[in-house]
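For reference, the structure discussed in these notes is given below.
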Amino acid sequence: MHGAGGSLMHSLIKEHVIKMLRPYKSFDVPLTLLEDSGVCNDIVFTTDSYTVKPLFFNGGDIGRLAVSGTVNDIAVTGGKPLALSLSLVLEEGFPLDDLDRILTSINLTCREADVDIITGDTKVVERGSLDKMIINTSGIGTRNPLLDRNLEYVNRGSRWLLASNIRAGDKIILSGSIADHGMAILSAREGYSFVSNIASDVRPLNRLIDRALEVGGVVCMKDPTRGGIADLLNEWAEKSHLGITIYEESIPIRDDVKVAASFLGLDPLEIGNEGKVCMAVVPDMVDEVLDAIRELDEGKDACIIGEVTDEFDVVAMKTIVGGTRIIGRPAGDPVPRIC
Ligand code: MG
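For the sequence shown, the tail end lands on 451 under the working numbering, and the numbers increase by one without skipping.
Rendered as structure tokens:
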């Protein structure tokens, strides 16, 4: 659970990693902000290790995940993804056919995201010391040329897309249906026949993000991966010291995902996604941003799911039956090892 994206992971990071790693220099976006990327001299830089189990699943594989996840973390901070590193840690005996399949998928996803692998490393460890393979991808991006124009509509002081930019009145856009990735992984792992049609949403989002920045007015963005939109919205509320109201009826979710999650006792709000983005947008621009991203296949189901308020400082959901439910920060993603 300490690696599953929720409150336990955040306390591990704050009480150990951040506490022990004291910064010597100052940067535009330092580690202490715990954003998806750091920024140093206008270079957006991020890293991620992938341990998904199984390696292949409906809609993707660990290779597509490793490229998409890193590209998306650069893009949501305001970077234009440029180049990645690829570090492979393989268990002794790993089938070379599987390795080639994963590398092919990495190559295709890089082309889709308009990035290249320009450096890397390979290690092999003894059988039994690792579950098949771990991939680490780090990535760099330059400052997105669309960012300055986007920020002209924002006026919050910051040169980057940070959670601390969020203000009361901002609207929250979600780019499509939730929980598809987590349910696809669960189905591949457990062999549940009732979720066998659910495919992971894993994909690079930099094209969709560019489309939104072209319009302008995006205050902050983040991809709701481990811990789902419940974790993301709580992080935004915490960092901005504001409240967020969401509307259950406007949250896109596939019927089969909803049924499967309820059957398994899982909350779709807490389940991870790998091809979706949440955006906080200034109210004047939100309809235009929404129209622009809906023109793309990966944004066709996008909608406004809520807004930021200064009346309280938690995440509250107006339910379909007319009640209000507080959405707490999940302890971790209910489906472990999804990325
Ligand atoms: Mg992220």
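From the three backbone atoms N, C-alpha and C, an ideal C-beta is built for every residue, glycine too.
Is residue i helix, strand or coil when you go by DSSP?
{"i": "residue 189", "result": "helix"}
{"i": "residue 139", "result": "coil"}
{"i": "residue 375", "result": "helix"}
{"i": "residue 306", "result": "helix"}
{"i": "residue 300", "result": "helix"}
{"i": "residue 408", "result": "coil"}
{"i": "residue 451", "result": "coil"}
{"i": "residue 250", "result": "strand"}
{"i": "residue 341", "result": "helix"}
{"i": "residue 438", "result": "strand"}
{"i": "residue 420", "result": "strand"}
{"i": "residue 164", "result": "coil"}
{"i": "residue 261", "result": "helix"}
{"i": "residue 237", "result": "strand"}
{"i": "residue 197", "result": "strand"}
{"i": "residue 361", "result": "helix"}
{"i": "residue 134", "result": "coil"}
{"i": "residue 388", "result": "coil"}
{"i": "residue 150", "result": "strand"}
How should residue i be labelled, buried or exposed, when 16 other C-beta atoms within 10 angstroms of its C-beta is the threshold for buried?
{"i": "residue 424", "result": "exposed"}
{"i": "residue 129", "result": "exposed"}
{"i": "residue 296", "result": "buried"}
{"i": "residue 173", "result": "buried"}
{"i": "residue 280", "result": "exposed"}
{"i": "residue 237", "result": "exposed"}
{"i": "residue 163", "result": "buried"}
{"i": "residue 445", "result": "buried"}
{"i": "residue 132", "result": "exposed"}
Taking the CB atoms as reference points, tell me whether residue i and residue j lie closer together than 7 Å.
{"i": "residue 289", "j": "residue 169", "result": "no"}
{"i": "residue 166", "j": "residue 300", "result": "yes"}
{"i": "residue 442", "j": "residue 350", "result": "no"}
{"i": "residue 113", "j": "residue 285", "result": "no"}
{"i": "residue 419", "j": "residue 283", "result": "yes"}
{"i": "residue 278", "j": "residue 292", "result": "no"}
{"i": "residue 338", "j": "residue 384", "result": "yes"}
{"i": "residue 397", "j": "residue 329", "result": "yes"}
{"i": "residue 151", "j": "residue 193", "result": "no"}
{"i": "residue 453", "j": "residue 171", "result": "With the chain represented from 113 up to 451, any question about residue 453 goes unanswered, as that position is not in the structure."}
{"i": "residue 348", "j": "residue 275", "result": "yes"}
{"i": "residue 336", "j": "residue 388", "result": "yes"}
{"i": "residue 427", "j": "residue 321", "result": "no"}
{"i": "residue 317", "j": "residue 190", "result": "no"}
{"i": "residue 362", "j": "residue 417", "result": "yes"}
Using 6 Å as the cut-off, classify the Cβ of residue i as near or not near the heavy atoms of the ligand FAD, replying yes or no.
{"i": "residue 331", "result": "In the structure on display, the ligand FAD does not appear, and the ligands it does have are the ligand MG."}
Next on the checklist: Closer than 8 Å is the cut-off here; do at least three beta carbon pairs connect the stretch 297-311 with the stretch 423-441?
Outcome noted: Output reads no: the stretch 423-441 does not touch the stretch 297-311.
Next on the checklist: Quick check on the contact list: which residues have their beta carbon closer than 5 Å to a heavy atom of the ligand MG?
Outcome noted: Ordered along the chain, the selected set is 148, 185 and 335.
Checklist entry - With a cut-off of 8 Å, do at least 3 Cβ pairs link the stretch 168-184 to the stretch 243-258? => result Flag = yes, the stretch 168-184 and the stretch 243-258 touch.
Next on the checklist: Whether or not the stretch 370-379 and the stretch 408-422 are in contact is what I'm after, with contact meaning three or more pairs of Cβ atoms, one per stretch, closer than 8 Å; do they touch?
Outcome noted: Three or more beta-carbon pairs separated by less than 8 Å are not found between the stretch 408-422 and the stretch 370-379, which leaves the two stretches without contact.
Checklist entry - Does the stretch 197-205 touch the stretch 230-248, meaning 3 or more C-beta pairs lie closer than 8 Å? => result Enough Cβ pairs lie closer than 8 Å, so yes.
Checklist entry - On the three-pair Cβ rule with 8 Å, is the stretch 253-268 touching the stretch 335-349? => result Taking 8 Å as the limit for Cβ pairs, the verdict is that the stretch 335-349 does not touch the stretch 253-268.
Checklist entry - Any contact of the stretch 215-222 with the stretch 130-150, i.e. 3+ C-beta pairs under 8 Å? => result No, the stretch 215-222 is not in contact with the stretch 130-150.
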